[in-house]
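Q: Yeah, the sequence shown ends on 233 if you go by the numbering used here, and it's all consecutive.
Don't be surprised by glycine CBs; every beta carbon is placed ideally from N, CA and C.
These numbers come from a predicted model, not from an experiment.
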Amino acid sequence: MTKQGAIITIDGPSGSGKSTISKRLAAKLGYTFLDTGAMYRAVGLKVERLGIDLADTETLGRMLDNTELRLVPGTDEHVRVYLDNEEVTLAIRTAAMGLVASKVSAHPAVRTKLTHLQREMGRKGRVVAEGRDTGTVVFPEADCKFFLDASPDERARRRCAQLLEKGQTADYEEILAQIKKRDHADSTRTHAPLKPAADAVIIDSSTMSIDEVVAYMLERVGDP
Ligand code: DC
């Protein structure tokens, strides 16, 4: 169904299984995985380190003009993230950085810069782009769009299991509250809010395994 150089977008809230599924789908198709959330996280890290006041649009704009972001595919499914030539792959993966990313992502200047970079990265196609607005704003002409959802309770359960597996502590109620807070912020913001594209295939992964979702997506994508 898809032609050479296709673009596939996968959007949805945090904890819907998006990252794992996007990475897997990209690996199966031999496509590049474009993790747009990682880019918002990296900008968030820089904003925090420099103590930039987000209301100060001039300083924010200057900082963005002087920011270099690179996503480098690793040997496996993992992508390494470089912020001004410093590897920040792990530093951006904390829950706190997720919240900071959510805040910076509401700013039009940040979105404009990252959308531009993402389009550059997708120029040659053969990309699985994952995020909140990849089907609606970044790649409206994408060949195949998915919106992956799951109930807040299921997403909180998955997040707890992940943390416990890593030997960390997990408070279910706190995580559930955090998820709801971030969903609300991401879907009610003025610029590029989290929502399915009109032509997206909506998948509720609450009762599906990762393998089932990937198999279903491969079927929809057809022969790339
Ligand atoms: O997918 P993630 O948890 O790594 O994303 C972190 C934050 O970045 C998320 O809360 C909202 C923002 N984001 C965005 O606004 N647009 C995207 N395309 C991807 C992420």
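What are the boundary residues of the beta strand (DSSP E) that V88 is part of?
A: Taken as a continuous stretch (DSSP letters only), the beta strand (DSSP E) holding V88 covers 88-92.
Q: Pull the bridge partners of P79 from the DSSP assignment, please.
A: Going by the sequence as given, residue 79 is Arg instead of Pro. Paired residue(s): Y91.
Q: Spell out a yes or no on whether the segment 196-216 and the segment 147-163 are touching, meaning 3 or more CB-CB pairs, one atom from each, closer than 8 Å.
A: Counting Cβ pairs under 8 Å, three or more are found: they touch.
Q: Cβ-heavy atom distance between T41 and the ligand DC below 8 Å?
A: No, the beta carbon of T41 sits no closer than 8 Å to any heavy atom of the ligand DC.
Q: Between which two residues does the beta strand (DSSP E) holding I219 run?
A: I219 -> not in any beta strand (DSSP E); alpha helix (DSSP H) instead, spanning 219-230.
Q: Taking the Cβ atom as the reference point for each residue, do A8 and A194 lie within a distance shorter than 9 Å?
A: Beyond the ends of the chain as shown, which are 10 and 233, falls residue 8; an answer cannot be given.
Q: What is the residue span of the alpha helix (DSSP H) that R118 lies within?
A: In the sequence as displayed, the identity of residue 118 is Ala instead of Arg. 117-130 is the extent of the alpha helix (DSSP H) around A118.
Q: How about G26 and F155: are their beta carbons less than 9 Å apart?
A: In this structure, F155 does not lie closer than 9 Å to G26 by Cβ.
Q: Return the Cβ separation of Y49 and V113 in integer angstroms, given the expectation that the two are a contact with Cβ distance under 8 Å.
A: At roughly 6 Å, the Cβ-Cβ gap stays under 8 Å, so Y49 and V113 are in contact.
Q: Let me know if K175 comes out buried or exposed under the rule of 16 or more other beta-carbons within 10 Å of its beta-carbon.
A: Result: exposed.
Q: For E67 and I61, I'd like the C-alpha separation in whole angstroms.
A: Answer to the nearest angstrom: the Cα atoms are 10 Å apart.
Q: Which of the three DSSP states is assigned to I61 in this structure?
A: In the structure shown, I61 sits in coil (DSSP, three-state: anything other than H, G, I, E or B).
Q: Could you spell out the range, first to last residue, of the alpha helix (DSSP H) harbouring T66?
A: It spans 66-74 - the alpha helix (DSSP H) in which T66 sits, taken as one unbroken run.
Q: Quick check on the burial criterion: 16 or more other C-beta atoms within 10 angstroms. Buried or exposed for I211?
A: Label assigned to I211: exposed.
Q: Quick one: grab the DSSP three-state call for K154.
A: Here K154 sits in strand by DSSP.
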